[in-house]
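In what follows, a structure is listed as structure tokens, so that the remarks can point back to it.
Numbering (the working numbering), first residue to last: 19 to 304.
What follows is the structure, encoded as structure tokens:
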């Protein structure tokens, strides 16, 4: 079951006009929210990021937080599986093809649920491969826009060589992954790139830094050079659906000793404990 413009229906029955500006221009934003034990994870933070994206492209939010919460609750209940991920997709709406914003047009709102399949234990035990590439995307990567062609092409570069992700470099510094945030471990310190217009502010990124602060794990939020990426002791990949994963090979070379490191093991366990606490309905001080 999906939600489309006020109605719940089977996805096979969903129809969107070809003049929707999301289809014509990629004029819209999206959000992905993991659901554990039928509870949306960090919902307030996801809705805050959605609002930031909507503000960034000047679309009025079609729902308040309470209305979003009700819609998502109904959608979760209408789909199978305790663990799901919700995809929210909002476009400027349907209008004749013209670059200028149309007046008096209601936004298109689409929400669907899919099974949440977290990384298998075997992959966590071995780690994954990644490659690097020049970050050639636009300069508003902080907006979670549906026009993802640059990300698609960059991610496909990794897929073509049997890797999982592409680590992006711009002007000698790391920004993020094609579909994830990236952390570097150097000299026992967790390094995170600063939030700015060149990266998407990840919800899992925030959780990792909160966990580090709460458990006395040394960390720094600053620009990370390409040299630091290539000489890292550990590289970590984070996203709402992949949670935390170790990158153990970069551009065909081992990261550190080529196996998941101690920082990954510690943060992964802390994240799983935190997730369980949230699933039980508590609001912990990380």
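Glycine included, C-beta positions come from ideal geometry on N, C-alpha and C.
Checklist entry - To the nearest whole angstrom, what separates the beta carbons of residue 129 and residue 93, a pair I think is in contact under 8 angstroms? => result In this structure residue 129 is in contact with residue 93, their Cβ atoms being roughly 6 angstroms apart against a cut-off of 8 angstroms.
Item to check | For residue 102 and residue 266, the rounded distance between their alpha carbons | outcome: Spanning the two alpha carbons is a distance of roughly 28 angstroms.
Item to check | Pairwise C-alpha distance: residue 46 and residue 75 | outcome: 8 angstroms
Checklist entry - For residue 182, which residues of its own chain have a beta-carbon under 7 angstroms away from its beta-carbon, when the five flanking residues on both sides are left out? => result 146, 147, 148 and 176
Checklist entry - When the Cβ atoms of the stretch 29 to 37 are set against those of the stretch 271 to 285, are three or more pairs found closer than 8 angstroms? => result no
Item to check | DSSP bridge partner residues for residue 109 (one or two, in chain order) | outcome: 46 and 126
Item to check | Three-state secondary structure assigned by DSSP to residue 168 | outcome: helix
Next on the checklist: Tell me the residue span of the alpha helix (DSSP H) that contains residue 226.
Outcome noted: The continuous alpha helix (DSSP H) containing residue 226 extends over residues 221 to 232.
Checklist entry - Are the stretch 149 to 164 and the stretch 183 to 201 touching, with three or more C-beta to C-beta distances below 8 angstroms? => result yes
Item to check | Presumed contact (8 angstroms Cβ cut-off) between residue 225 and residue 289, rounded CB distance | outcome: Confirmed, Cβ separation roughly 7 angstroms.
Checklist entry - Sorted by chain position, which residues of the same chain lie with C-beta nearer than 8 angstroms to residue 205's C-beta, five sequence neighbours on each side aside? => result 251
Next on the checklist: Less than 8 angstroms between C-beta atoms, sequence neighbours within five positions excluded: which residues of the same chain meet that for residue 262?
Outcome noted: 222, 226, 254, 255, 256, 282, 285, 286 and 289
Item to check | 8 angstroms Cβ cutoff met for residue 49 and residue 64 | outcome: yes
Checklist entry - Around the C-beta of residue 220, are 16 or more other C-beta atoms found within 10 angstroms, so that it is buried, or is it exposed? => result buried
Item to check | Other residues of its chain near residue 239: CB distance less than 6 angstroms, five sequence neighbours each side excluded | outcome: 210 and 212
Checklist entry - Just to confirm, are residue 22 and residue 112 a CB contact at a threshold of 8 angstroms? => result no
Checklist entry - How would you call residue 184, buried or exposed, if buried means at least 16 neighbouring beta carbons within 10 angstroms? => result buried
Item to check | Where the alpha helix (DSSP H) through residue 257 begins and ends | outcome: Residue 257 -> not in any alpha helix (DSSP H); beta strand (DSSP E) instead, spanning 252 to 257.
Next on the checklist: Within a Cβ cutoff of 7 angstroms, which residues of the same chain sit near residue 165, ignoring the five residues on either side of it in sequence?
Outcome noted: 44
Checklist entry - CB residue 173 to CB residue 197, shorter than 8 angstroms? => result yes
Checklist entry - Thinking just about the alpha-carbon of each residue, which of 120, 126, 208 and 135 is nearest to the one in residue 235? => result 208
Checklist entry - Is the Cβ-Cβ distance between residue 104 and residue 131 less than 8 angstroms? => result For residue 104 and residue 131, yes; Cβs fall inside 8 angstroms.
Checklist entry - Using a Cβ-Cβ cut-off of 6 angstroms (strictly less than) and excluding sequence neighbours within five positions of residue 161, which residues of its own chain qualify? => result Hits under 6 angstroms: 71 and 74.
Checklist entry - From residue 114 to residue 214, what does the alpha carbon distance come to, in whole angstroms? => result 34 angstroms
Checklist entry - Excluding the five sequence neighbours on either side, which residues of its own chain have a C-beta within less than 8 angstroms of the C-beta of residue 279, listed in chain order? => result 203, 251, 252 and 264
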